[in-house]
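In the UniProt record's numbering, the protein residues as written are 1 to 281. Glycine is no exception: its CB is placed at the ideal position from the N, C-alpha and C atoms. Just so we're clear, the structure is a prediction, and the values are computed from it rather than from any experiment. Please read the structure below before turning to the comments.
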Ligand code: PMP
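Okay, here's the thing in structure tokens:
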């Protein structure tokens with residue numbers, strides 16, 4: 001495997017992290033997972049824009065344009081001959097003696113490398129169950145930060161209880177998103193998803209789905225949902241780069257709608273696949 005380290009391509013065995021890398025000591029860094037279909041990136045521009053947003057918000061001095069990151073990432077895909085999969089990329093604030101304040105003149109450290117990803121076809125066709133868990137993350141979930149400890153703990157609890165995902169809620173039962181996905185509901189033909197604010201990550205798949213809704217003439221609303229709203233919705237689904245669109249058929253043993261993958265959800269999944277095919281030309 002070929003790895004991109006800053007501006008250089010190296011062998012995987014030579015890719016080592018320093019013990020004083022702030023990503024390692026503080027989780028002081030940001031990341032992206034970018035899908036590759038048929039040898040080409042899907043929505044690379046949007047991922048780079050979100051990455052720059054995360055870098056700016058955390059004041060990590062790295063400029064994706066002046067580093068020509070898009071070109072480097074395309075080279076990484078060709079060097080690894082990736083046909084279908086994804087690139088994981090992270091940028092930390094750099095290597096410095098452990099001390100909370102930001103170090104001065106420390107160059108950020110970038111690593112990017114391929115990870116295997118394939119579409120969860122069974123889950124996409126038959127739907128999945130999710131479990132509700134309290135959202136105990138910080139209040140800047142719009143930054144794609146390396147600090148994923150609560151996300152990891154929530155996912156583990158969901159898995160141990162036989163669920164595909166943890167559906168997170170805050171305060172008075174305000175549903176935010178999944179531990180690694182965005183949440184969508186469908187009610188009376190309208191798609192509803194959380195507004196893109198500090199409570200959620202503005203998923204690139206989420207953006208793609210809103211585009212698909214536009215193309216298919218499916219109305220959508222960006223507004224908060226409460227746990228009690230789950231009783232009256234017709235369909236629900238999750239969306240992420242790695243899972244694409246996955247219908248939710250049950251929330252903690254309670255059926256959503258008729259307990260089957262929803263019709264509008266399936267149309268959106270088809271529309272999403274069409275968007276991938278269009279991006280491929
Ligand atoms: N929310 C969270 C918390 C996530 O970790 C992810 C996936 N990384 C998403 C939403 C979905 O984002 P995307 O569509 O960009 O993968």
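| Check | Outcome |
| --- | --- |
| Are three or more beta carbon pairs between the stretch 139–150 and the stretch 27–39 nearer than 8 Å? | yes |
| Rounded to a whole number of angstroms, what is the C-alpha to C-alpha distance between residue 14 and residue 77? | 19 Å |
| Taking 7 Å as the cut-off, is the C-beta of residue 239 nearer than that to any heavy atom in ligand 1? | yes |
| Per DSSP, what kind of secondary structure is residue 184 in: helix, strand or coil? | strand |
| Taking residue 168 as part of the beta strand (DSSP E), name the residues at either end of that continuous run. | 165–170 |
| So, at 8 Å on beta carbons, what are the nonlocal neighbours of residue 157 in its own chain, with the 5 sequence-adjacent residues on each side left out? | 131, 133, 166 |
| If you count every other CB in all the chains shown that lies within 10 Å of the CB of residue 139, and 16 or more means buried, which is it? | exposed |
| Does residue 66 come out as helix, strand or coil in the three-state DSSP assignment? | coil |
| Return yes when the C-beta of residue 118 is under 7 Å from any heavy atom of ligand 1, and no when it is not. | no |
| In the DSSP assignment, what are the bridge partners of residue 284? | Nothing in the structure corresponds to residue 284, since the chain is present only between 1 and 281. |
| Assuming residue 36 and residue 113 make a contact with CB atoms under 8 Å, what is their CB distance in whole Å? | About 12 Å; that fails the 8 Å criterion. |
| Apart from the five residues on each side of it in sequence, which residues of its chain come closer than 8 Å, Cβ to Cβ, to residue 72? | 4, 7, 112 |
| Ligand 1 and residue 151: does the residue's C-beta get closer than 7 Å to at least one heavy atom of that ligand? | yes |
| Confirm, please, whether the CB-CB distance from residue 238 to residue 181 is below 8 Å. | yes |
| If you scan the stretch 235–271 from start to end, which runs of the beta strand (DSSP E) of 3 or more residues do you find wholly inside it? | 235–240, 244–251 |
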